[in-house]
Every structure is written in structure tokens, then in C-alpha cells.
Amino acid sequence: LDAELKTMEGKAFKLADLKDKVLVIDLWATWCGPCRSSTPELVNLQKEYGPRGFEVIGLDIDPDSDTVEDVQAFAKEFNINYKLAFADREMAISLMRGGNIPQTMVVGRDGRIVEHLVGFHPVRTPEKLRAAIEQALQ
């Protein structure tokens, strides 16, 4: 979590810098259908939990196919209100369980992964995410 990332605006940050926050780290790509389905839920989570020391970070795992322009267009289409960055291949491999996306992790303030979800189900995934976020925020 110490790797340096750059937002689509070119600002550098490290996940480790956000250690006093509960994080949702979402591994995704613009061409991924289930990723598109999960994005509105992530926007809602950021709105709802942001004031409580929570942050969503979207990491695009396909910088070879997705350009900054692609990601910015995606962000505009979905009114994304959270940080987006590219994950290099090494980071993606270290965070992922298998090759499917989206993969969504809830990370507690202590840096431990509380929940790691693979794929997106419109009912079960939001329920599991909210339960893990509530647990991590306590």
C-alpha cells in the first residue's frame, strides 16, 4: 500500500497516506460491464460515508487499454465523486484474487482488509460492503 499512485489530474498520493480512513479500494476497468454496474453504488457510498472518515479509491487495472481520457469520460458519465488512479501491473497482481473484476476491498484504519469481494451482485454486494464499512468505522 506504499506505492505511489497518480490521480487522473496528475496528483500523487499513496494509499498509506490515508491510514486514518476506512477505504474501499475498487479494482476496475472502463470496458468491464460489472464494473459499470457497481460504480453508482460506490458513488453513493462516498456520499453517505465520506463525512465519517471514509474514502473510495478506484484503481483502473488496465492502463494498457484505458487512457486518461477514457477514465475521465467514465468519471463524467457516472458523476464519480472519489479518487481514480491507475494501478500498475505489479500492484494489481498483489491486490487481486484471481483475474476477474471488479474486485472491491474494504480496508480498516489499521490497514487490514476487512472484506474482499470479487464481482458485483446488485443486492448482495452493496449489503456486504455496507456491513463491512460499518464494522470498520466503529
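Residue numbers for the sequence shown follow the numbering used here, beginning at 425 and rising by one.
Cβ atoms here follow ideal geometry from the backbone N, Cα and C, with glycine treated the same way.
Bear in mind that the values here come from a model prediction, so they are computed numbers and not experimental data.
For Q496, the closest alpha carbon among the candidates A453, E472, Q470 is that of A453. Under the three-state reduction of DSSP, G474 is assigned to helix.
Cβ contact annotation for Q527 (same chain, cutoff 6 Å, sequence separation greater than five): L451, M520, V542, in chain order.
For T491, there is no enclosing alpha helix (DSSP H), as DSSP marks it with neither H nor E. Taking 9 Å as the cut-off, the Cβ atoms of V448 and L466 count as close. Inclusion of D444 and G477 in the CB contact set at 9 Å is warranted, their separation being smaller than that value. E551 sits in a helix when the DSSP states are folded into three classes. The shortest CA-to-CA distance from D512 to any of V531, G535, D488, K500 is the one to D488. With the rule of 3 Cβ pairs closer than 8 Å, the stretch 501-509 does not count as touching the stretch 529-546.
Remark: C-beta atoms of I537 and Y473 do not approach each other more closely than 9 Å. In the structure shown, I537 falls within a strand segment according to DSSP collapsed to helix, strand and coil. Residue pairing by DSSP puts A509 in a beta bridge opposite T431, L483. Residues V446, R476 of the same chain have their beta carbon placed closer than 6 Å to that of L561, with the five preceding and five following residues left out of the count.
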